[in-house]
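Trainee:
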Amino acid sequence: MIPSGLGGAVSTRVSNELGAGHPQAARLAVQVVFVLAVTEGILIGALMILVRHIWGNAYSNEKEVVNYVAFMMPILAVSNFFDGLQAILSGTARGCGWQKIGAFVNLGSYYLVGIPAAVLLAFVLNVGGKGLWIGIICALLVQVSSLLIITIRTNWEQQAKRASERVYDAAIPVTMVS
188 MIPSGLGGAV
198 STRVSNELGA
208 GHPQAARLAV
218 QVVFVLAVTE
228 GILIGALMIL
238 VRHIWGNAYS
248 NEKEVVNYVA
258 FMMPILAVSN
268 FFDGLQAILS
278 GTARGCGWQK
288 IGAFVNLGSY
298 YLVGIPAAVL
308 LAFVLNVGGK
318 GLWIGIICAL
328 LVQVSSLLII
338 TIRTNWEQQA
348 KRASERVYDA
358 AIPVTMVS
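First residue of the sequence shown: 188, per this note's numbering; consecutive thereafter.
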């Protein structure tokens, strides 16, 4: 939930800073939120791994269930980490007005990589539930890599200029009524 909030916050902050003509402030906001997301991902991931043998007891007393939860938690920790990065990078894309780019990245990541990898691992190679989660992680890796490359290569000054143009183009002309 924290990365979702950070994604919404960075989206708002980036769009406001670009619209105000402050490209370096928008860039700084992205950097700060990225560091926060990495820190949160590491802390939550470490916690998930540390309590993996205890967590299953909250759901079942059966040893098999508790052991399976303990087995899956490190994979879920990795998924949580990359999902957090994806959330803030998607927020950055929204804030810059790149909704179409984000949609294509998401489509490609899941339909071309994640789902085929999950099906292959889970059902063809008989890896089971672990294979499904590894497929999701593959999609997240493609998403994060793609959005990170796009974000790093962003010309923030040009984005601020485009945001300003969008604001002025969308403005309704006011006519004087006599």
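C-beta atoms are modelled at their ideal positions from N, C-alpha and C, and glycine is treated no differently.
Under the three-state reduction of DSSP, which class applies to Ser198: helix, strand or coil?
Mentor: Three-state result, Ser198: helix.
Trainee: Suppose you measure from the CA of Gly194 to the CA of Asn203; what does that come to, to the nearest Å?
Mentor: For Gly194 and Asn203, the distance between alpha carbons rounds to 14 angstroms.
Trainee: Tell me whether Ser351 sits in a helix, a strand or coil according to DSSP, three-state version.
Mentor: Three-state DSSP puts Ser351 in a helix.
Trainee: Within 10 angstroms of its Cβ, does Ala245 collect 16 or more other Cβ (buried), or is it exposed?
Mentor: Flag for Ala245 reads exposed.
Trainee: Mind checking Thr226: buried by the 16 CB within 10 Å criterion, or exposed?
Mentor: When all chains shown are included, Thr226 counts as exposed.
Trainee: Does the stretch 263–283 touch the stretch 215–226, meaning 3 or more C-beta pairs lie closer than 8 angstroms?
Mentor: Touching, yes, given that three or more Cβ pairs across the two stretches are closer than 8 angstroms.
Trainee: Please report the straight-line C-alpha distance between Ile339 and Ser332, rounded to a whole angstrom.
Mentor: Looking at the two C-alpha atoms, the distance is approximately 10 angstroms.
Trainee: Determine, using beta carbons only, whether Gly167 and Val201 come nearer to each other than 8 angstroms.
Mentor: Only positions 188 to 365 of the chain appear in this structure, which leaves residue 167 out of reach.
Trainee: So Val217 and Thr279 are in contact, right, with Cβ under 8 angstroms, and what is the actual spacing, rounded?
Mentor: At roughly 5 angstroms, the Cβ-Cβ gap stays under 8 angstroms, so Val217 and Thr279 are in contact.
Trainee: In angstroms, rounded to a whole number, what distance separates the CA positions of Val354 and Gly208?
Mentor: For Val354 and Gly208, the distance between alpha carbons rounds to 11 angstroms.
Trainee: Counting Cβ pairs, one atom from each stretch, are 3 or more of them under 8 angstroms apart for the stretch 228–236 and the stretch 295–313?
Mentor: With the cut-off at 8 angstroms, the stretch 228–236 and the stretch 295–313 do not touch.
Trainee: Between the alpha carbons of Ser198 and Asn293, how many angstroms are there, rounded?
Mentor: Going from the Cα of Ser198 to the Cα of Asn293 covers about 17 angstroms.
Trainee: According to DSSP, is Tyr297 helix, strand or coil?
Mentor: In this structure, Tyr297 counts as helix in the three-state DSSP scheme.
Trainee: What three-state label does DSSP hand Ser247 in the structure shown?
Mentor: In this structure, Ser247 counts as coil in the three-state DSSP scheme.
Trainee: Does DSSP put Val238 in a helix, a strand or coil?
Mentor: Correct three-state label for Val238: coil.
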